Each structure stands twice: as structure tokens, then as C-alpha cells.
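Per the working numbering: the sequence shown = residues 66 to 503.
Notes for the one structure printed next.
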Amino acid sequence: MLQRLKLSPICQLSFTTVHFYFLSHVQLCQKFRNFCFFSNCSFQVLEGSAKMSDTTQKKIDELLHRIQSTPPNPSGGLAPSRPNLSLGLNSNNSRSPVLPRPKHLNFMTKQNDNIETERKLKEIMKISGDLTIDGTLYKTDIKDMVDLEELGNGTCGHVVKMKHKPSGNIIAVKQMRRSGNSDETKRIIMDIEVVLKSHDCKYIVQCLGCFITESEVWICMELMDTCFDKLLKRFKQPVPEEVLGKVTVATVEALSYLKDKHGVIHRDVKPSNILLDMKGNVKLCDFGISGRLVDSMAKTRSAGCAAYMAPERIEPDPENPDYDVRADVWSLGITLVELATGVFPYQDCKTDFEVLTKVISQEPPQLPHDKNFSQDFREFVLCCLKKDKKQRPKYIKLKNHPFIQKYEKENVSVGEWYVSMIRGAEENTNRAAPRYVA
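Below you can see the structure in the form of C-alpha cells.
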């Protein structure tokens, strides 16, 4: 009998557990012997079945551990308004003007250095409870936060809609347990550092501050209305091209900002990490598995969502295993195909293994030819989904693409579109409701 291994979810919000099976066909194993976790591993043929070597098993276990330990980021909720936010620090008053952001909050340069991790955690703990809301700094006790409703949950914890009693504002709070695991701690620190340092980018979700206790970490953020993953599931129809134009501009600007200002690659671009509010603001979130770039290259192998992973991350070149921001460009391309069609390109796949196999062995997804998409949009998606990363553009070239240049200038009311979708869904619900006649 062949082994049956547990695999993480294909990064969908349901977070269900799926499994994959190593097929008994030796030919399939041989065909993909260089496939990411099978690279440089040997198979032994015994009585017509494939038996994995110890080295193969170890590589598979390592990949599964990376994927399983990648925390999804549930998002969503309804925000009455989006506050104008900045982060003020180091005040002795409970309510005071905003002070300059500390300059000592630098990114980790050695993600595997536990001493550095603990040092960073202690630095961040110094500002625990400092929340900046509508330009005012509040020294906040965790008891001043009122739980209203859960917005989403995942393996890392959950996101809760909460009321900040001193200001009366409604915010989103990502709540995570502290397990003591060093990898989890690094993800938490990276997430906090990125949002704290990205306060000057309007395309990245704004952080109001954080709480760190012995058992929990709370990251307080502005409350957005939904993420595009939930939006697809709720409305069950594609997103119009003009709206996707604005989504693309916002996402590329956010990714470019992370790379240029902070030397960071996101590594988990997907619909659930792109947020939207009723004013039409589009923002990128969830930086827990973001990586530090060294000479513009990512050196660490932290797994992201298998469903949106670039070919060079699945099957690294043995002579040049590092990757760069073009891996995120691929993820953006997959995201755009999904949002434009309303269907995940690899929806027929039952497991992560099937998805990864198709990414490597088949031609990249394209926008359907029978749909009325502009030529600029088609060409933009095509260039994002070049299997050879050398042919895939980086952000500078992407920004010069006609599709992005068009929607940088064009006025599209994303907020009005979203509100109209909500109203339409409510009207359909009312029409479908049973009516009783006395």
C-alpha cells in the first residue's frame, strides 16, 4: 500500500483538510521526480508500486510542514467609516497628540536567529497598548476592547470586529495565541513590522497598534468591509474589468512599495488578502510570511498558498533556487484570472498536489477567449503568467503596461459598484423570501 499523507488546505477560507495520494503508477512518479519536494530524490520500484526513499519522505515532510504552518488570514466585516490613521508612540498621557514613529523598528535580517526574534519581540512589547485612532494616541488597556463579532478564523487564530471604548471606534483585531514556537513568533513579528512601517502607503491596510501579552498577540487594524475571496463567494459572479483595473493598480503599488521601501516580498498574494471598503479603497494585507530580500532575491523557502504559487517556487532551479518579486507577479496573475472569471483556474483539482502538478506540467491559465475582455487586460495577464520567470516582468515594467497606465488615470467608482452589488443581493434575497397571505 502507498502512503496517504495529510496536506494543508488549498488556501481557501473554509480551511478544510484535504489529502493527496501517491499514485501507484511508477510513470507518474518518474515524470515528476524533479518536482519541488521530489527533486534530487530517488524512487525504488518494488512489485509494481513506487516506494519512497527516506530522503524523499523527509523532503515531503518538510514541504507539508511549511504549508501547514502557513497561517491563512481571514478578513472582512462591515466598517461604518474608514478613519484617517497614523501611529503615534511613547506618550505618558491616555490621550495625546501623535508623536514621531520610532526609528528603531527595523526589519529582521536573519529570520532564523532566535535571539534576534526575541529582541524584536521585546521592542514591540514596549509599544503594546498604544493605539492611534483618528490621529490621536490612546494608551489602551486590553479590557477597553469590546468584542462585537467574529469576522473570520483560521489556523493562526481569528479576526474579530471590536469596539475601542475610549474612542468609540469600530476596528478589526487579528487575535493569535502565543505558542512559543519560534517560526510562529517570526511570522507575528514580520506581520506587525510590515504594517507598522507601511503607514505611509495608502494601498496597505493600516495598523492602529498592537497588544502583546504572555499568551496572546492582538494586531489592531482599520476595519475594511470585505476581501475579494468573500466577495466572489457572496455574489457568485465575476468582478468587472474596470474594477479589476483599480484592484491591479492598488496591488502592484503595494507590492512595489514593499520591495522599494522595505526590501520585502509578500509571498501570499491571493483574493483573500486583498481587501475592499465601501469607499472603494483597495488594500493589501497579511504579511506573516513576507520575506526579506537580499540583493533583490528571496533566500528563505517559507511556503505560501500552494494554489497561487509560482512555478519557480514549486520546482526551484537546483543551480539558482532563489526567487524574486516576479513570484508575486505570478500570484497576481492567477488572482486576476480567478476574479475576472469567478472561478479558480485549477478548480477541478482535489488536492494541492494536483494543483502543483498542473502548474508545472501545463500551460498557464488564460482569460477565456469567448469573454469580452480588452486586449490590454489579456496581455497584462499573459505577461504575469509567463512560466519562465526571466520572461515575467518586474514592477517597473508592469507599471508601464497600458492596462495599468489606463486605470491609474481612469475614474472608476469601485465603492459604488460594491454598494450596488450588496443592494442587488439584498433585493434578490427579499424576492426569494416566502410570502404568507392571511
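Idealized CB from N, CA, C, for every residue including glycine.
The structure presented is a predicted model; accordingly, all values stated were derived computationally and were not measured.
Helix, strand or coil: how does DSSP classify residue i here?
{"i": "residue 289", "result": "coil"}
{"i": "residue 459", "result": "coil"}
{"i": "residue 85", "result": "Legend: pLDDT at residue 85 = 34, less than 50; position of this residue unreliable, no value from coordinates given."}
{"i": "residue 275", "result": "strand"}
{"i": "residue 374", "result": "coil"}
{"i": "residue 254", "result": "helix"}
{"i": "residue 242", "result": "strand"}
{"i": "residue 248", "result": "helix"}
{"i": "residue 42", "result": "In the structure as shown, the chain begins at 66 and stops at 503. Residue 42 is therefore absent and cannot be evaluated."}
{"i": "residue 225", "result": "strand"}
{"i": "residue 191", "result": "coil"}
{"i": "residue 400", "result": "helix"}
{"i": "residue 206", "result": "coil"}
{"i": "residue 506", "result": "Absent from the structure is residue 506, since the part of the chain shown begins at 66 and ends at 503."}
{"i": "residue 155", "result": "Residue placement at residue 155 cannot be trusted, given a pLDDT of 33 that sits under 50; the coordinates are not used to answer."}
{"i": "residue 212", "result": "strand"}
{"i": "residue 304", "result": "coil"}
{"i": "residue 282", "result": "strand"}
{"i": "residue 382", "result": "strand"}
{"i": "residue 231", "result": "coil"}
Within a Cβ cutoff of 7 angstroms, which residues of the same chain sit near residue i, ignoring the five residues on either side of it in sequence?
{"i": "residue 504", "result": "Missing from the structure shown is residue 504; the chain here goes from 66 to 503 and no further."}
{"i": "residue 186", "result": "250, 254"}
{"i": "residue 212", "result": "225, 227"}
{"i": "residue 492", "result": "none"}
{"i": "residue 488", "result": "none"}
{"i": "residue 302", "result": "407"}
{"i": "residue 193", "result": "275, 276, 277"}
Take residue i and list the residues in its own chain whose beta-carbon comes closer than 6 angstroms to its own, dropping the five residues that flank it on each side.
{"i": "residue 256", "result": "352, 353"}
{"i": "residue 68", "result": "Any reading at residue 68 must be qualified, since the residue scores a pLDDT of 39, below 50, and its modelled position is unreliable; the value itself is stated next. No residues qualify anywhere along the chain."}
{"i": "residue 304", "result": "404"}
{"i": "residue 454", "result": "377, 391"}
{"i": "residue 486", "result": "300"}
{"i": "residue 463", "result": "317"}
{"i": "residue 210", "result": "227"}
{"i": "residue 324", "result": "390"}
{"i": "residue 179", "result": "247"}
Which same chain residues end up closer than 8 angstroms to residue i when comparing Cβ atoms and leaving out the 5 residues on each side of it in sequence?
{"i": "residue 459", "result": "389, 390, 391, 394"}
{"i": "residue 490", "result": "299, 300"}
{"i": "residue 279", "result": "243"}
{"i": "residue 309", "result": "401, 404, 405, 442"}
Roughly how far, in whole angstroms, is the beta-carbon of residue i from the beta-carbon of residue j, given that I think they are within contact range, below 8 angstroms?
{"i": "residue 260", "j": "residue 329", "result": "Going by Cβ atoms, the distance from residue 260 to residue 329 rounds to 11 angstroms, so no, they are not a contact pair."}
{"i": "residue 182", "j": "residue 251", "result": "6 angstroms"}
{"i": "residue 254", "j": "residue 207", "result": "At roughly 19 angstroms, the Cβ-Cβ gap does not stay under 8 angstroms, so residue 254 and residue 207 are not in contact."}
{"i": "residue 372", "j": "residue 411", "result": "7 angstroms"}
{"i": "residue 446", "j": "residue 401", "result": "6 angstroms"}
{"i": "residue 477", "j": "residue 307", "result": "5 angstroms"}
{"i": "residue 320", "j": "residue 331", "result": "6 angstroms"}
{"i": "residue 450", "j": "residue 407", "result": "That pair is no contact at about 18 angstroms."}
{"i": "residue 275", "j": "residue 283", "result": "6 angstroms"}
{"i": "residue 204", "j": "residue 222", "result": "No, residue 204 and residue 222 are not in contact; Cβ-Cβ is about 24 angstroms, not under 8 angstroms."}
{"i": "residue 355", "j": "residue 375", "result": "Contact doesn't hold; Cβ gap of about 15 angstroms is too wide."}
Closer than 7 angstroms, CB to CB, is residue i near chain C or not?
{"i": "residue 318", "result": "Absent from the structure is chain C; it holds one protein chain and no more."}
Legend entry - Contact the stretch 309-319 vs the stretch 260-269: 3+ CB pairs below 8 angstroms: yes
Inset, instruction - Examine the Cβ distances between the stretch 324-338 and the stretch 283-298 and report whether three or more of them are shorter than 8 angstroms. - result: yes
Legend entry - Cβ contact check for the stretch 463-482 and the stretch 410-423: 3 or more pairs under 8 angstroms: no
Inset, instruction - At 4 residues or longer, and completely inside the stretch 464-495: list those alpha helix (DSSP H) runs for me, N to C. - result: 467-474
Inset, instruction - Examine the Cβ distances between the stretch 431-440 and the stretch 275-290 and report whether three or more of them are shorter than 8 angstroms. - result: no
Legend entry - Inside the stretch 306-359 only - beta strand (DSSP E) runs reaching at least 3 residues: Within the stretch 306-359, the complete beta strand (DSSP E) runs of at least 3 residues are 339-341, 347-349, 356-359.
Legend entry - Completely contained alpha helix (DSSP H) runs for the stretch 402-460, where each covers 4 or more residues: 417-426, 440-449
Legend entry - Meets three-Cβ-pair contact criterion under 8 angstroms: the stretch 243-251 and the stretch 297-306: no
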